[in-house]
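Report on one structure; see the data block that follows.
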Amino acid sequence: MSTPSAEHPGHPAALLHHFDTAEQQKDASTLGMWLFLITEIMFFGGMFTAYVAGRFRFHEAFKEASNTLDVTLGAINTTVLICSSLTMALAVHAAQVGKKKQIVWFLLATILLGCTFLGVKVVEYHDKFVHHHVPGLHFHFPGPNARNAEMFFSIYFGMTGLHALHMVVGVGLLAVLAVRAGKGWFTPDYYTPVEMTGLYWHFVDIVWIFLFPLLYLLGAHFAITGH
Amino acid sequence: MSNHIVSTRIYFAVFAALIVFTWVTVAVARIDLGLYFNTVAALAIAVTKALLVVLYFMHVRYSTKLTKFVVAGGFLWLVIMIGLVMADYYTRAWIG
Amino acid sequence: MGSRLPLFPEQGSALAGEVDTFYFFMLAVSAFFSVLIAGLVIYFAVRYRRRSENQRGEAIHGGMTLEIAWMVIPFFLTMIMFFWSAKLFVRISRPPDDAMEIYAVGKQWMWKLQHKEGQREINELHIPLGQAVRLKMTSEDVIHSFYVPVFRTKMDVLPGRYTTTWFKPTKTGKFHLFCAEYCGTKHSGMIGWVHVMEPNEYQAWLAGGAEEGTLATRGSKLFQDLACINCHRPDGKGRGPSLEGLFGDRIDLEDGEKAVVDEGYLRESILSPQARLAKGYPPIMPTFQGLVTEDQLLQLIEYIKNTEKKTKPGAAPAAKR
Amino acid sequence: MITAREEKLNYLTADYGVKSWLLTVDHKRIALLYLATITLFFFLGGAFAVLIRLELLTPAGDLVQSQTYNKLFTMHGVIMVFFFLIPAVPAVLGNFLVPLMIGARDLAFPRLNLASWYIFVIGGTLSILAAILGGVDTGWTFYTPYSSTYSNTYVMITAVGIFITGFASILTGLNFIVTIHRMRAPGLTWFRMPLFIWANYAASLIMVLGTPVVAVTILLVGVERAFGLCIFNPNCGGDPVLFQHLFWFYSHPAVYIMILPTMGVISELVAACTRKQIFGYKLVAMASVAIAVLGFLVWGHHLFVSGQSVYAGLVFSFLSYAVGIPSAVKVFNWTATLYKGANTYQTPMLYAFGFIGLFTIGGLTGLMLAATGLDVHVHDTYFVVAHFHYIMVGGAIMGYLGGMHFWWPKMTGRMYPELPAKLSALVIFVGFNLTFFPQFLLGYLGMPRRYHAYPEEFQVLNVMSTAGASVLAFGYALPMFYFVWSLRYGQRVGNNPWGAKGLEWLTSSPPPTHNFDVTPIVTEPAYAYAAEEGAEIVHT
Chain A
1 MSTPSAEHPG HPAALLHHFD TAEQQKDAST LGMWLFLITE IMFFGGMFTA
51 YVAGRFRFHE AFKEASNTLD VTLGAINTTV LICSSLTMAL AVHAAQVGKK
101 KQIVWFLLAT ILLGCTFLGV KVVEYHDKFV HHHVPGLHFH FPGPNARNAE
151 MFFSIYFGMT GLHALHMVVG VGLLAVLAVR AGKGWFTPDY YTPVEMTGLY
201 WHFVDIVWIF LFPLLYLLGA HFAITGH
Chain B
1001 MSNHIVSTRI YFAVFAALIV FTWVTVAVAR IDLGLYFNTV AALAIAVTKA
1051 LLVVLYFMHV RYSTKLTKFV VAGGFLWLVI MIGLVMADYY TRAWIG
Chain C
2001 MGSRLPLFPE QGSALAGEVD TFYFFMLAVS AFFSVLIAGL VIYFAVRYRR
2051 RSENQRGEAI HGGMTLEIAW MVIPFFLTMI MFFWSAKLFV RISRPPDDAM
2101 EIYAVGKQWM WKLQHKEGQR EINELHIPLG QAVRLKMTSE DVIHSFYVPV
2151 FRTKMDVLPG RYTTTWFKPT KTGKFHLFCA EYCGTKHSGM IGWVHVMEPN
2201 EYQAWLAGGA EEGTLATRGS KLFQDLACIN CHRPDGKGRG PSLEGLFGDR
2251 IDLEDGEKAV VDEGYLRESI LSPQARLAKG YPPIMPTFQG LVTEDQLLQL
2301 IEYIKNTEKK TKPGAAPAAK R
Chain D
3001 MITAREEKLN YLTADYGVKS WLLTVDHKRI ALLYLATITL FFFLGGAFAV
3051 LIRLELLTPA GDLVQSQTYN KLFTMHGVIM VFFFLIPAVP AVLGNFLVPL
3101 MIGARDLAFP RLNLASWYIF VIGGTLSILA AILGGVDTGW TFYTPYSSTY
3151 SNTYVMITAV GIFITGFASI LTGLNFIVTI HRMRAPGLTW FRMPLFIWAN
3201 YAASLIMVLG TPVVAVTILL VGVERAFGLC IFNPNCGGDP VLFQHLFWFY
3251 SHPAVYIMIL PTMGVISELV AACTRKQIFG YKLVAMASVA IAVLGFLVWG
3301 HHLFVSGQSV YAGLVFSFLS YAVGIPSAVK VFNWTATLYK GANTYQTPML
3351 YAFGFIGLFT IGGLTGLMLA ATGLDVHVHD TYFVVAHFHY IMVGGAIMGY
3401 LGGMHFWWPK MTGRMYPELP AKLSALVIFV GFNLTFFPQF LLGYLGMPRR
3451 YHAYPEEFQV LNVMSTAGAS VLAFGYALPM FYFVWSLRYG QRVGNNPWGA
3501 KGLEWLTSSP PPTHNFDVTP IVTEPAYAYA AEEGAEIVHT
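Residue numbers (this note's numbering), protein chains in the order written: chain A, 1 to 227; chain B, 1001 to 1096; chain C, 2001 to 2321; chain D, 3001 to 3540.
This is how it looks when you write it as structure tokens:
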């Protein structure tokens, strides 16, 4: 891409023709982004409803199945995601105050943390494949609760899979952003893309904040006291 | 939201709080608090963590009333969906 | 069956009359408002038609009293509709205790009906006049819906659990039975007839039918064949709880809750034993999912319902419930 | 007369060539793209409907096999609901008019608007591909476990098609909400906005809040069908009623997406044709939002007999009555607007009269279905089919056609021929009632839905319904002819052929690409006809 110039259509710093002020354009983007995040809340909401209904009807099986998940890996992943939220927020802050170098570094840090999260997920999924806990034809689960445990794992893979997919999209967005930041596109009066990607990233983090306790910690006390 | 700049100090404080809450939720989950208190505790912590991220990291605390309204509306709709679906499941055994 | 152009269905049960009365009330309200709105629209349209080109309407912004009126009046009307239909719905959902029990199994594109006395019918249901009938229904594959228009009753039939519907016929004759929930290719072929007969005719029909004994006796034979007796010994010394006369009791569960031993609980405990495990018993019972068909499940449940506390198994006691 | 030079400046003549249409970001051109696409889908869905009605002429299933018949009503449902009714008024009239009516130069995110059309076309192509390959026979409701395990038809492709099309609806809704919030002309406060904008705003709320839930539900059915996951599958404890909850959580508010924008159109038609303020403007505006919000609480009335608990049924029945009130208020307010107005009877107003009459009958039969005791008898029968066709065909399509006739001069600069338009409106009204009123009787007699063959005592009513369907089909074909005819021979119109109020009538017809040469300043409330100087007020 050539050096960015105001008129260059690829570089949307210029005021779009149908807006009156930059302020109006920025507010419109923010409201649009938040409405998109509302659709994401309802999108994940469908699966949360399936989880709550399933857990209400088979809490024994759900507890048992939840205990096969590795809580430490889950906790590590939560911490990684919270760190990535921090670096994302600092990247937005850097863009606001115009420290161009810092934007790139913080975006790269967020991408790195995102990839770590996905790496840990791959390890967990591999472990699930090894133990035949993946629902479908050769699903195997000891004990009499196998049928309902398969439902837990269906919801587990559905939710964490969807979340991981959103992470991959997020990392892709951040990569594009980092390249553009490297080119110096973002100035204190024009950093909307950084902020919007930040909103998206924080949202994905919030989803995980709810997923972690609901999926991993469900029966943690159950395992300890063993009753 | 427009261009209110949040100082990095607040970011680090919120970050620390989130980390602490993560450890708390793992620790609390290990103790058996009776019937459903474990779930309530886990959800309460998760909601506070989510609020911290929404208010500070996502700047909703400094943004327009409209944005706050939209965010609250979104979560309210989620509660409506889960609530009314569970109303069916919860009362299904009451046919009597 | 009826004239070439019937416009209103027969009333075959006590409830049918009440549903129809409510329907006429609703028709009256609807007719009133439809005529009112249409009349006003036509009258205003003609009365205040535009006479000159740049004529304008009166500057009327609205009237609060009128607005409140047509919010409050519809609200009251809807509340009458709600409470009247709610009362009806609760009565439709609660079968009387003296109802005769018949089991129905919906299967892709046929209805299998099973009387306690042993008769098995496909797409046909013979019932006596004046005796309330409670249908305990389940499906072997997809969702069906047991619908008898003349009785004004309908209930979906779900795989994996029991649903109940009931009716008390007040008219003899042969009435339509439909499947109302779309269930695949021959959804429109999954129909049949409900024969409401005089009580004595019904007894005659009943006597002719039963080949291999009542449902309960077939259930007790199955109870032996599947070796349930080894764990669920009548004297209670087996590894599983004694099932003698257990039906209808409230038992304690392993996780501190309580459960009423009804058909749904028995069915669930046979197919997924640990879902609601009884207190004080080890979770060792294997699942019978796939080993036992829906009909056999009904037989086992019927057997357990007919056991008496502290009597020898195998004796054929009088129908308990 | 419009000089040739002025002629050149409008959005239709500003650019030529296929690329100028396929890559346009002008909300007016995208509206016309949507118009072409949904008209195609309307006639495709209509063809399926005609085949269904022909099959039902005879009690025995002898025109087509039962498998084919199941595919016919499924494709009729899928195409009409997802590819015609949901996009119709918002994507065509809404896209064209929302920026114009609020004095904006375009929607907030023009490129997203074009993306929405492309997503809609991709989803539509996938669904038509599924129909060509062999069709899907699960009904437009995709109830599990039939759709996830037992049907061996092309459920997967149709599910993916609907999943994709859902995002087109989300993007349109998102675009409208941001535009209405952020891009109103100076002086245009919320309670000075036309009611069409209020209605589209309310419908957009539903699109944004509801559509994702059906997207994830269809995704779960697809995943369960492909990988054998177990969420709704009863063999592993899944509950088919859970699918129905999640499906209807969107699909009932979806019917308000279909009807709310049309209510907005009717408010505009009634105001313009009576040249009078809508009676109780604020209440009608609030009623739209109330319908959108309450619409999310009532879906359980689809599950009264599907195994849902008795108590939940009563709660949903009560809430369903509550959502009926705002609709009733709107009908009463439209009727009251006619009092002491300067009423005219051009075609748009005929459609508005048709809408008010038929929507009232649809709404009142809706109250019957919300009654739990009565719904047990009439659920899944032709009574329900008649009810929702009265609302969708008698309401939504009548209002859509009324809106098309009212804003056709603004969109094309040409007036449609008045007499043929009035005749076709009459034919449609008669054909519609002959088709669907007998179905109320069939429903109460107990004829179930989706039946390929039926007992012979229902035949006479079915023959009447099929007769009506052919009249209706003929009625719908008529506008195609005279609209196309008017493009070339229609009388040219100025800015405001109806003498109506509204910012869209300030600019030229057809409007220039940037809508307004200078952004209008709004100083008076909506529909302030009486305030005009030299106005001759009705005193009779």
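Just so it is clear, CB atoms sit at the ideal spot from N, CA and C, and this is done for glycine as well. Quick caveat: nothing in here was measured; it's all calculated off a predicted structure.
Identify, in the order they occur along the chain, each residue of the same chain with its Cβ nearer than 8 Å to the Cβ of residue i, setting aside the five sequence neighbours on each side.
i	result
Gln-3439(D)	Tyr-3382, Phe-3383, Val-3385, Ala-3386, His-3389, Leu-3461 and Ser-3465
Gly-2184(C)	Gln-2108, Trp-2109 and Val-2142
I'd like to check one pair, residue j with residue i: are the Cβ atoms closer than 9 Å?
i	j	result
Phe-3083(D)	Ser-3148(D)	no
Leu-3054(D)	Met-2026(C)	no
Ala-3130(D)	Tyr-3146(D)	no
Ala-3091(D)	Tyr-3034(D)	yes
Val-1014(B)	Tyr-1056(B)	yes
Ile-3543(D)	Gly-3134(D)	It is not possible to answer for residue 3543(D), since the shown part of chain D is limited to 3001 through 3540.
Leu-1052(B)	Ala-1087(B)	no
Gly-2106(C)	Phe-2146(C)	yes
Ile-2102(C)	Ile-2127(C)	yes
Ala-95(A)	Ala-181(A)	yes
Tyr-3529(D)	Ala-2059(C)	yes
Val-2196(C)	Lys-2221(C)	no
What does a CB cutoff of less than 6 Å around residue i pick up in its chain, not counting 5 residues either side in sequence?
i	result
Val-207(A)	Phe-44 and His-163
Gln-2131(C)	Met-2100
Ala-3031(D)	Val-3092, Asn-3095 and Phe-3096
Ala-1041(B)	Val-1028
Gly-2002(C)	Its pLDDT being 49, under 50, Gly-2002(C) is placed unreliably in this model, and the value from its coordinates should be taken loosely. Hits under 6 Å: none found.
Arg-57(A)	none
Ala-2315(C)	Its pLDDT being 41, under 50, Ala-2315(C) is placed unreliably in this model, and the value from its coordinates should be taken loosely. Correct list: empty, nothing qualifies.
Ala-1093(B)	none
Could you give the residue range of the beta strand (DSSP E) that holds residue i?
i	result
Asp-2156(C)	2153-2157
Met-2100(C)	2100-2107
Gln-2114(C)	2110-2115
For residue i, which residues in the same chain have their Cβ closer than 7 Å to its Cβ, ignoring the five residues on either side in sequence?
i	result
Leu-2243(C)	His-2232, Ile-2304 and Thr-2307
Gln-2274(C)	Pro-2283
Ala-50(A)	Ile-155
Leu-3229(D)	Val-3223
Measuring CA to CA, which of the options is closest to residue i?
i	options	result
Asp-3137(D)	Leu-3072(D), Ile-3162(D), Ile-3157(D) and Asn-3175(D)	Leu-3072(D)
His-3245(D)	Trp-3190(D), Ala-3168(D), Thr-3144(D) and Cys-3236(D)	Thr-3144(D)
Glu-2124(C)	Ala-2028(C), Thr-2214(C), Leu-2226(C) and Gly-2173(C)	Gly-2173(C)
Val-113(A)	Ser-85(A), Leu-137(A) and Glu-60(A)	Before going further, note that residue 113(A) is Leu rather than Val in the sequence given. It is Ser-85(A) whose Cα lies nearest to the Cα of Leu-113(A).
Ala-3469(D)	Ala-3453(D), Pro-3253(D), Phe-3041(D) and Val-3430(D)	Val-3430(D)
What span of residues does the alpha helix (DSSP H) with residue i cover, start to end?
i	result
Met-3263(D)	3240-3274
Phe-3041(D)	3027-3055
Glu-2302(C)	2294-2305
Can you find a heavy atom of the ligand ATP that lies under 8 Å from the Cβ of residue i?
i	result
Gly-170(A)	The ligand ATP is absent from the structure shown, which contains no ligand whatsoever.
Quick one: which residues of the region 41-69 of chain A get their C-beta closer than 7 Å to a C-beta of chain C? List them in chain order.
-> Residues Phe-58 and Glu-60.
Of all the residues that make up the region 2075-2098 of chain C, which are near chain D by a beta-carbon distance shorter than 7 Å?
-> Identification of residues in the region 2075-2098 of chain C having a C-beta nearer than 7 Å to some C-beta of chain D yields Phe-2075, Thr-2078, Met-2081, Phe-2082, Ser-2085, Ala-2086, Leu-2088, Phe-2089, Val-2090, Ile-2092 and Ser-2093, given in sequence order.
Going along the chain, which residues of the region 3268-3280 of chain D sit with their C-beta nearer than 7 Å to a C-beta in chain C?
-> Answer set for the region 3268-3280 of chain D: Thr-3274, Arg-3275, Lys-3276, Gln-3277, Phe-3279 and Gly-3280.
Interface residues of the region 140-154 of chain A facing chain F [CB-CB below 9 Å] | Chain labels in this structure do not include chain F; the protein chains are A, B, C and D.
Mind checking the region 2270-2281 of chain C against chain A and listing, in chain order, the residues whose C-beta falls within less than 7 Å of any C-beta there?
-> Listed by position, the residues of the region 2270-2281 of chain C near chain A (Cβ gap below 7 Å) are Ser-2272, Pro-2273, Gln-2274 and Ala-2275.
Of all the residues that make up the region 1072-1084 of chain B, which are near chain D by a beta-carbon distance shorter than 9 Å?
-> Answer set for the region 1072-1084 of chain B: Gly-1073, Gly-1074, Trp-1077, Ile-1080, Met-1081 and Leu-1084.
Cβ-based contacts, 9 Å cut-off: residues of the region 3372-3386 of chain D near chain C = Listed by position, the residues of the region 3372-3386 of chain D near chain C (Cβ gap below 9 Å) are Thr-3372, Gly-3373, Leu-3374, Asp-3375, Val-3376, His-3377, Val-3378, His-3379, Asp-3380 and Thr-3381.
Relative to chain B, which residues along the region 3227-3250 of chain D have a C-beta separation below 7 Å, given in chain order?
-> Residues of the region 3227-3250 of chain D with a C-beta less than 7 Å from any C-beta of chain B: His-3245 and Phe-3249, listed in chain order.
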